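Have a look at the structure below before the remarks.
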Amino acid sequence: MPSAGAVCPPVITPLRKAIPGLSGNKIDTSTLIELCTETTECKIFFTSDGTKPNPFQRRVAGREVTFKYIGPFTLKPGKRTIKAIAVARDGLRESDVMTKQFNVEDIGRLTQHLKDDSTTTDDYSGFFDTSDQDSDSTIKPKTKKKINRKNKSPVRGKSPLRKSLTKPPREAWASEAILSDTLGSASDGPYSSQPIPDGPFNPTNYAGTQINVWGGAIPTQIPGVGPNVPPTLYPTQYGYLTENMINTCNPDGRYVTVGDIKRMVGNKKPPQEPPKPVEPPAPKPAIEYPIYQDPPLNSVSPGKGDFKDNIVHIYAHMLEYAKNNKDFRLPVSEPQMGKMLEAKFEDEGDGYKITVVMAKPGIPRGSVRKQPKIETLKKPPPTEKNNGKPKKKEKEKEKPPPAPKKSDPFFAMETEDLQTEGTVKPYDKFNAEQDAEVLRKAMKGLGTDEEAITNVLAYRSNPQRQEVRTTFKTMFGKDLIEELKSELSGHYLDTCKALLMAPAEYDAYQLHKAIKGLGTDEDVLIEILCTRSNAQIKMIKETYKAKYNKELEKDIIGDTSGNLKRLLVSQVQANRSESKEVDRNKAKQDAKALYEAGEKKWGTDESRFNVILVSRSYPQLRATFDEYDKLSKKDFEEVLKSEMSGDLLSGMKTIVRCVRNKAGHFARQLQKTMKGIGTDDDTLVRVVVSRCEIDMVQIKEAFESLTSQTLQQYIADDLSSDYRDVILSLVMGGPPPDKATKSGKGFVEAVKYKTEEELDEQVRMESENIQEDPTLKPAENFNAENDAEVLRKAMKGFGTDEKAIINVLGFRSNEQRMEIVKTFKTMFGKDLIKELDSELSGGLKVLCHGLCMTSPEFDAMNLNKAIKGLGTDEQVLVEIICTRSNSQILAFKEAYKAKYGKELEKDVAGDTSGNFKRLLISSLQANRDESKEFDRNKAKQDAQALHEAGEKKWGTDESRFNVILVSRSYAQLRATFQEYAKLANKDIEDTLKSEMSGDLLKGMLAVVRCIRSKPSHFADELYKSMKGLGTDDDRLCRILVSRCEVDMVQIKESFQQAYKQTLGMFIADDVSGDYKALSLALIGEGSTTEKDKTEKKSKKGWF
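Using our numbering, you'd call the opening residue of the sequence shown number 361 and step up by one each time.
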């Protein structure tokens, strides 16, 4: 027998008796095959071509391969392999696949090896026998006289297998009383008293479908039988069993003649009201074919995670609404619509709003620019004066915005409906099967891709993660948590396990972990029981009982004692008042009772504190604390500290702090976990996972107010490796990184199954002009003379005022800075750059020097610096030459010639060699096609050329890569990369890494990465400049100066997505002093007035 919860495999049975000398798997085309299973409430699916049945994909290439079993069926001649599987109705459990082979012969051919004149005493009469007078049956006695078959319909060959079938229940036909009412009484003629056939009707209709042989009533009219029914003019072709049963109704074994019909009509009295013939229900086929019908119109959808039935419910009501609403029906029926592009579901409080965006054939999404809405500002009405005094306006109460809907019902059960927001939100493009596949690949083979696991689990809401867990088990037959246990370890494993549990399940797990074994972790009991709402505690108790078969209350009583036990048991009752009303008199009475039970009393009456703090609502307790402040000179928390101690004090303080500010309480908890030496990882994981979808935004704000430092900075300093990345992802939130789908295996998988139309649309979307967003913008009320004066004073005399210099150069655009440089020289007769160089040093000097130059002059200076002297800095050449546009290359070539009197191309050619030199010289021609158009056929040709020059060739033809990557437009190269991935099943970056090396590889990769995403490329370069010990100040300054007025906002976003930490945090960790202040100002995180008074924790080197 199967294990508990399993599904019994189906049994494949041919419906016939055993025939001596004949193998059990040899049957003919009339033999019925039956499938059955011992497990109730399940479905059976089968195939007849030997393939494994797939209940979830029954059609392959438009043809139905897997059939749903309804009733017995027959097989066509030949060797047939039946494979069957039983699946539970919920689709989550399935049986083993059962296989059985049959050799199917035509009727009559199966027993040709038996002697024609042989007789047997075995009784094979049964399933298909009708009567001894069945003259037209194909199973005839040998004493039957020879019949002239010229006037007969063709009759099939005789088969002993028909006699071998067992008799079905007579309930398959109507009763004799019904039959007599249909065909007439005994006095109506010789045909009224015929026996009812014992066998079913023909199960095969020769069209490949199956008919349920056990259902259906007898037909009311049969050609040639019954009163008032003339015989057919031409013989009708029936199936074997149908023809057999029809002929059985005639006892003489002959067709009914016209004379017989007249005699029957004459003998029968005319009925008063002949009954109307009732057509028998059509037999239900064993193989279901979809028949369109409107879905049922229910008043309420099922919900509870059943998204399919919910969508069917929406569809049914949309149809009903369209039928009754002409204004909706006519517009929606006119256009031709493509696939669904976007869908959004919103809870508006009093209803649900569903927004759907369908594709417009021939017009890519985003290609049509919408006119921006121009809002006209209404002038405020003139103030009415009353006796020379303005009339006072009544203050209108502004309604607070509705609280965002929580992703899980458990999270919506908070004690109060406050304006809170989580950082982890449902993923719009969620696909459970795709996420399960990603997790499977991340754990398959040697090693584990922790980044892929983090990018799935940390960027999905809890209901989505539960669906991924269920889908993973359905697809691969393994529990996801158990698979993670075998691949991961440490606190990273603890975090992933917590994310895959439902909220109530996770709290129950933590409580059980705190109680079991020696000792008790009272902090966990207090944290969970003293901060959850009534509804949440009830759900936790139910989950605890179901999971561990124990009562939570009994376990707490057995592991705690004294006043703490009473406090926790009171909390477990989940009986706190949740009223929003405040009774001021009751608040005064409670405040007085607390005062008398504590400060005014010798000793402390802890029970009075327990009664009030556990039973009163949060608003009522706030009023009580206010009244207590009037009675006592102490804050209520100070009173608790003076009257109580130990775990009881911790529990009481937790309740009081949650009443006042729950986000502030959890901010304190997070600070305690990372304060000092070491980290309380268990508490950190527990708080972050349980609050990231409820109020993590408010917790981060409270944490920054409490510590004058961001929570992200604390975490980055305290944690490391994958554990740090997943916690930072939960705390920071935002969209998941899409870097995996833009390169490598993820890009290949994303491109492989898309049509050319979808790929073309993707190229067009990526080739659109993206609005670049700088962080350094022109200053308002700019005055070049005032700024020049400030700079002069900052450098005059003994010492230098670096803050003043930063406040000018770090907050002016390039155009404004150039005007300051000219004005400074005009006013004081000195070169500002030389003055700055003489006063400053280090990274601050490099930044200020670059900020006082135009972009072409700055690039030319860096190129000259990389070339001159001994050796060459190839990294600088690649960074500038391979990432600039045609116009920018021409501009810095002219600036180079003007400043140094040399041709840049000659200097580059003299300092480089080989294929790397050819790449740089080709790029310096500034001859790249910059159009937005692309040719798919040309992309295929270029992809083929690259494949033949690299992967397909012994060695590498670098010149072919050079020609294509340097001359084609960005749009054309994006299409080429798509075609290359489809052709070679490998990403172009992986090919470059395997075919090239050194500076040439760096240059080629820079070109490819800039084509895909220039902000992502520079984010990677910034990370490399600060990675590890020390800082590459030249590279850091070069990128900050050259990109701060171009696309630094996009670079910061890419940096945070890729490295789970903000660029500002990285810079603050790596540099210091005025150098750090100016760097932060250039990326938009500095201030002209605020000074950096906070000191960071000295824990550098976590990466």
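Where is the CB? At the ideal position from N, CA and C, for every residue including glycine.
These numbers were taken from a predicted model, which means no experiment stands behind them.
Do the CB positions of residue i and residue j come within less than 7 Å of each other?
{"i": "Val828", "j": "Ala812", "result": "no"}
{"i": "Asp1082", "j": "Glu810", "result": "yes"}
{"i": "Ile445", "j": "Ser408", "result": "no"}
{"i": "Leu1464", "j": "Leu848", "result": "Not covered by the structure: residue 1464. The range shown for the chain is 361 to 1463."}
{"i": "Thr814", "j": "Ser1050", "result": "no"}
{"i": "Ala1258", "j": "Pro1216", "result": "no"}
{"i": "Ile467", "j": "Thr389", "result": "yes"}
{"i": "Thr1351", "j": "Asp1302", "result": "no"}
{"i": "Asn970", "j": "Arg926", "result": "yes"}
{"i": "Leu1284", "j": "Glu1265", "result": "yes"}
{"i": "Gly783", "j": "Gly1093", "result": "The residue you asked about is not Gly; residue 783 is Thr in the sequence shown. Yes. Within cutoff."}
{"i": "Lys699", "j": "Glu706", "result": "no"}
{"i": "Leu312", "j": "Glu394", "result": "The structure shown does not extend to residue 312, since the chain is modelled only from 361 through 1463, so no value can be given for it."}
{"i": "Asp1147", "j": "Val1181", "result": "no"}
Less than 6 Å between C-beta atoms, sequence neighbours within five positions excluded: which residues of the same chain meet that for residue i?
{"i": "Tyr348", "result": "There is simply no residue 348 to check, as the chain begins at 361 and stops at 1463 in what is shown."}
{"i": "Val371", "result": "Cys396"}
{"i": "Lys386", "result": "Asn463"}
{"i": "Arg1369", "result": "His1377"}
{"i": "Leu1119", "result": "Gln1338"}
For residue i, which option in the options has the closest C-alpha, if you only look at C-alpha atoms?
{"i": "Glu1175", "options": "Leu1352, Ala1154 and Leu1211", "result": "Leu1211"}
{"i": "Thr373", "options": "Leu382, Phe433 and Gly381", "result": "Phe433"}
{"i": "Ser1010", "options": "Leu885, Gly1104 and Asp986", "result": "Leu885"}
{"i": "Thr426", "options": "Phe405, Lys439 and Leu435", "result": "Phe405"}
{"i": "Glu1126", "options": "Leu1000, Val457, Asn670 and Arg725", "result": "Arg725"}
{"i": "Val692", "options": "Leu701, Lys704, Leu679 and Glu702", "result": "Leu679"}
{"i": "Lys1420", "options": "Ile1193, Leu1079, Asp1359 and Tyr712", "result": "Leu1079"}
{"i": "Leu1489", "options": "Gly711, Glu1053, Lys460 and Met1012", "result": "Limits of the chain in this structure are 361 at one end and 1463 at the other, which puts residue 1489 out of reach."}
{"i": "Asn822", "options": "Asp915, Ala682, Lys914 and Gly665", "result": "Gly665"}
{"i": "Glu913", "options": "Asn1141, Lys804 and Gln933", "result": "Gln933"}
{"i": "Ser1327", "options": "Lys1312, Arg1288 and Ala1344", "result": "Arg1288"}
{"i": "Asn1021", "options": "Glu1149, Asp1055, Thr1033 and Leu1008", "result": "Asp1055"}
{"i": "Gln696", "options": "Ala862, Arg689, Thr1272 and Pro721", "result": "Pro721"}
{"i": "Glu1349", "options": "Gly1310, Val1236, Asp883 and Met1386", "result": "Gly1310"}
{"i": "Lys910", "options": "Ala895, Asp1434 and His872", "result": "His872"}
{"i": "Gly1036", "options": "Tyr1074, Glu1053, Thr1070 and Ala868", "result": "Tyr1074"}
{"i": "Pro1097", "options": "Thr1214, Ala1418 and Glu1445", "result": "Ala1418"}
Measuring only between beta-carbons, confirm whether residue i sits less than 7 Å from chain B.
{"i": "Arg1372", "result": "Of the protein chains in this structure there is only one, and it is not chain B."}
Kindly list the residues whose CB is nearer than 8 Å to the CB of residue i, restricted to its own chain and excluding five residues on each side of it in sequence; keep chain order.
{"i": "Ser937", "result": "Ser975, Arg976, Ser977 and Gln980"}
{"i": "Met835", "result": "Glu793, Ala796, Glu797 and Arg800"}
{"i": "Gln931", "result": "Leu889, Cys890, Ile897 and Val974"}
{"i": "Leu1200", "result": "Thr1160, Glu1162, Ile1165 and Cys1208"}
Here's a check: name, in chain order, each residue in its chain whose Cβ is nearer than 7 Å to the Cβ of residue i, leaving out the five neighbours to either side.
{"i": "Leu1534", "result": "Beyond the ends of the chain as shown, which are 361 and 1463, falls residue 1534; an answer cannot be given."}
{"i": "Cys368", "result": "Pro362, Thr397, Glu398, Thr399, Ala446 and Ser455"}
{"i": "Ala983", "result": "Val942, Arg944 and Ala947"}
{"i": "Arg1296", "result": "Glu1116, Asp1120 and Ala1335"}
Since I believe residue j is in contact with residue i (beta carbons under 8 Å), could you give me their beta-carbon distance rounded to a whole number of angstroms?
{"i": "Ala1110", "j": "Phe1063", "result": "The pair is not a contact, with the Cβ atoms about 38 Å apart (cut-off 8 Å)."}
{"i": "Tyr1260", "j": "Asn1224", "result": "6 Å"}
{"i": "Gln1029", "j": "Thr1067", "result": "In fact, because the Cβ distance is near 13 Å, the residues do not count as touching under 8 Å."}
{"i": "Ile972", "j": "Asp950", "result": "5 Å"}
{"i": "Lys1412", "j": "Thr1422", "result": "7 Å"}
Per the contact definition of three or more C-beta pairs closer than 8 Å, is the stretch 1361-1376 in contact with the stretch 1394-1402? no
Contact the stretch 1284-1294 vs the stretch 1308-1325: 3+ CB pairs below 8 Å: no
Taking contact to mean at least 3 C-beta pairs separated by less than 8 Å, is the stretch 1177-1195 in contact with the stretch 1373-1380? no
Could you tell me whether the stretch 902-919 touches the stretch 938-954, using the rule of 3 or more Cβ pairs below 8 Å? no
Tell me, please, whether the stretch 1349-1360 touches the stretch 1119-1134 by the rule of three or more beta-carbon pairs shorter than 8 Å. no
Would you be able to state if there are at least three C-beta pairs under 8 Å between the stretch 851-858 and the stretch 887-899? no
Below 8 Å, can you find three or more Cβ-Cβ pairs linking the stretch 879-887 to the stretch 1058-1076? no
So, do the stretch 778-790 and the stretch 1379-1394 have three or more beta carbon pairs nearer to each other than 8 Å? no
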